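Per my numbering, residue 586 is the first one in the sequence shown, and the count goes up by one each step.
Note that the Cβ used here is the ideal one computed from N, Cα and C, for glycine as well.
All of these numbers come straight from a predicted model, not from anything done at the bench.
Below is one structure, written out as structure tokens, with a few remarks after it.
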Amino acid sequence: MGAVLIHQFNDGTLHPIMHYSATFNAAERKYPQIHKEDRSLVFGLKKCHYYISGRHFTIHIDHKPLLAIFNPKNGIPLFTAARLQRYAITILSYDFSIEYINTDSFGYADILSRLIANHVKPDEDTVIASIQLEEDEDLKINCFTVETATKLPITFTTIQTATKAYHTLNKVTFYSQNDCWPQKKKQITDNEVAAFFQHRHHLTIQQQSIFFGERIVIPKIYHQQVLEDLHNGHPGECRMKLLAATKVFWPNINLDIEHVVKTCDTCAIASKSPMKCTPQQWKIPSAPWKRIHIDYAGPIDSNYFLVIIDAFSK
Ligand SMILES: [Zn+2]
586 MGAVLIHQFN
596 DGTLHPIMHY
606 SATFNAAERK
616 YPQIHKEDRS
626 LVFGLKKCHY
636 YISGRHFTIH
646 IDHKPLLAIF
656 NPKNGIPLFT
666 AARLQRYAIT
676 ILSYDFSIEY
686 INTDSFGYAD
696 ILSRLIANHV
706 KPDEDTVIAS
716 IQLEEDEDLK
726 INCFTVETAT
736 KLPITFTTIQ
746 TATKAYHTLN
756 KVTFYSQNDC
766 WPQKKKQITD
776 NEVAAFFQHR
786 HHLTIQQQSI
796 FFGERIVIPK
806 IYHQQVLEDL
816 HNGHPGECRM
826 KLLAATKVFW
836 PNINLDIEHV
846 VKTCDTCAIA
856 SKSPMKCTPQ
866 QWKIPSAPWK
876 RIHIDYAGPI
886 DSNYFLVIID
896 AFSK
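Here it is, written out as structure tokens:
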């Protein structure tokens with residue numbers, strides 16, 4: 586990874602102030618690409634801290650998904666993985682705007698990653714500290730994984746086993762772990778795998794299970810069981826979706842939830858009267874008799890009156 590701190594003078598000329606580069610440690614090398622990019626960003630910010638803290642600056646990155654995650658205008662998306670959330674807390678304490686730069690025009694930072702073979706390895710103390718940190722982090726992830734899974738109607742081991750046994754999820758695991766998703770969705774022949782394509786940047790593999798942010802991906806054979814559990818007590822569509830959004834995921838899970846609620850009589854009876862909508866005013870017609878409103882009034886003394894009102898003249 587590499588980072589360059591550049592000062593832009595008022596006349597627009599650029600002047601590099603500092604160059605940094607470093608290698609990923611053993612644990613970091615196993616990170617998915619987005620986590621690596623993110624790690625590099627945090628690294629760059631920390632190195633340049635004295636120059637950028639408290640000032641407004643611009644970050645140039647060549648990795649589009651990060652742009653969406655760390656755009657200070659949007660805040661951190663809820664479904665961002667735990668590790669990215671922690672990075673985000675560091676990153677968002679700076680005052681910055683973020684811009685995407687095409688990799689081809691990114692030579693000034695890219696060259697540093699390529700010169701890495703000549704780079705002096707960090708001293709042993711640093712390495713040990715960082716390994717310990719990683720172990721801690723894995724511990725946290727483990728705790729979190731187990732915590733999520735114990736709240737489900739099926740055990741974490743069953744999800745692990747089913748994930749391994751299910752060819753679609755095998756493929757998803759392979760793509761995510763090796764960061765080798767095809768460039769385009771249509772290149773994926775298996776429709777079930779393709780359904781994960783739009784979510785690929787938020788998928789991580791932890792203990793042989795797939796996570797979408799903090800939500801565990803449920804193998805197909807348990808979809809019905811999980812839906813039944815979410816539906817327990819007929820909480821209604823919104824509540825079911827909310828529950829799912831904190832714990833479980835599969836592509837189109839929301840459509841499945843909608844289907845469960847639509848086909849449930851108890852939910853239909855319990856659902857409130859139709860949604861309120863704000864009254865819309867009729868358009869004012871341009872002339873008399875352009876539009877008339879007609880209705881029966883009554884019964885008045887057992888008679889009905891047909892009332893016609895011209896919308897323009899009233
Ligand atoms: Zn119901």
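Between residue 840 and residue 828, how many whole angstroms is the CB-CB distance? I'm expecting something under 8 Å.
Along the sequence shown, one-based indexing puts residue 840 at 255. Along the sequence shown, one-based indexing puts residue 828 at 243. At roughly 16 Å, the Cβ-Cβ gap does not stay under 8 Å, so residue 840 and residue 828 are not in contact.
Within the same chain, show all residues whose beta-carbon is closer than 6 Å to that of residue 894, passing over the 5 residues directly before and after it, in chain order.
Here residue 894 refers to the residue found at position 309 of the sequence shown. Closer than 6 Å at the Cβ level, and outside the excluded window around residue 894, lie 878.
Report whether the distance from the Cβ of residue 846 to the nearest heavy atom of ligand 1 is below 7 Å.
Reading the sequence shown from its first residue, position 261 is the one you call residue 846. Yes, the beta carbon of residue 846 sits closer than 7 Å to at least one heavy atom of ligand 1.
Leaving aside the five residues before and after residue 625 along the sequence, list all residues of the same chain whose C-beta is less than 8 Å from its C-beta, in chain order.
Stepping through the sequence shown from its first residue, residue 625 is reached at position 40. So the list reads 586, 587 and 588, once near-sequence residues are dropped.
Assign residue 851 to buried or exposed, taking buried as 16 or more other Cβ atoms, counted over all protein chains shown, within 10 Å of its Cβ.
Within the sequence shown, residue 851 is the residue found at index 266, counting from 1. It counts as exposed.
Please report the Cβ distance between residue 843 and residue 822, rounded to the nearest whole angstrom; I am assuming they are in contact, meaning their Cβ atoms lie under 8 Å.
For the purposes of this step, residue 843 is taken as residue 258 along the sequence shown, with counting starting at 1. For the purposes of this step, residue 822 is taken as residue 237 along the sequence shown, with counting starting at 1. At roughly 6 Å, the Cβ-Cβ gap stays under 8 Å, so residue 843 and residue 822 are in contact.
In chain order, what residues of the same chain lie with their CB nearer than 7 Å to the CB of residue 739, ignoring the 5 residues before and after it?
Translated into the one-based positions of the sequence shown, residue 739 becomes position 154. So the qualifying residues of the chain are 807 and 810.
Distance check for residue 896 and residue 889, CA to CA, integer angstroms please.
The residue given as residue 889 occupies position 304 in the sequence shown. The residue given as residue 896 occupies position 311 in the sequence shown. Taking the straight line joining both Cα atoms gives about 22 Å.
Once the 5 residues before and after residue 764 are set aside, which same chain residues still bring their CB inside 6 Å of it?
In the sequence shown, counting from the first residue as 1, residue 764 sits at position 179. Excluding residues within five positions, the ones whose Cβ falls inside 6 Å are 617 and 618.
Just curious, the alpha helix (DSSP H) that residue 625 is in, first and last residue?
Position 40 of the sequence shown, counting from 1, holds the residue named residue 625. Where residue 625 is concerned, the enclosing alpha helix (DSSP H) stretches over 618 to 632.
Based on Cα-Cα distance, which residue from 753, 775, 761 and 791 lies nearest to residue 741?
As a first step, residue 741 must be located in the sequence shown, where it is residue number 156. Residue 791 is the option with its Cα nearest to residue 741.
I need the straight-line Cα distance from residue 853 to residue 838, nearest angstrom please.
Within the sequence shown, the letter at position 268 stands for residue 853. Within the sequence shown, the letter at position 253 stands for residue 838. When rounded, the distance between both Cα atoms is 20 Å.
Suppose you measure from the CA of residue 824 to the CA of residue 845; what does that come to, to the nearest Å?
Counting from one through the sequence shown, the residue named residue 824 turns up at place 239. Counting from one through the sequence shown, the residue named residue 845 turns up at place 260. Their Cα atoms are separated by approximately 13 Å.
Going by DSSP in three states, residue 932 sits in which element: helix, strand or coil?
Summary: the structure shown does not reach residue 932, with the chain confined to residues 586 through 899, and so no result is reported for it.
Would you say the beta carbon of residue 765 is closer than 7 Å to some non-hydrogen atom of ligand 1?
Mapped onto the sequence shown, residue 765 falls at position 180. No, the beta carbon of residue 765 sits no closer than 7 Å to any heavy atom of ligand 1.
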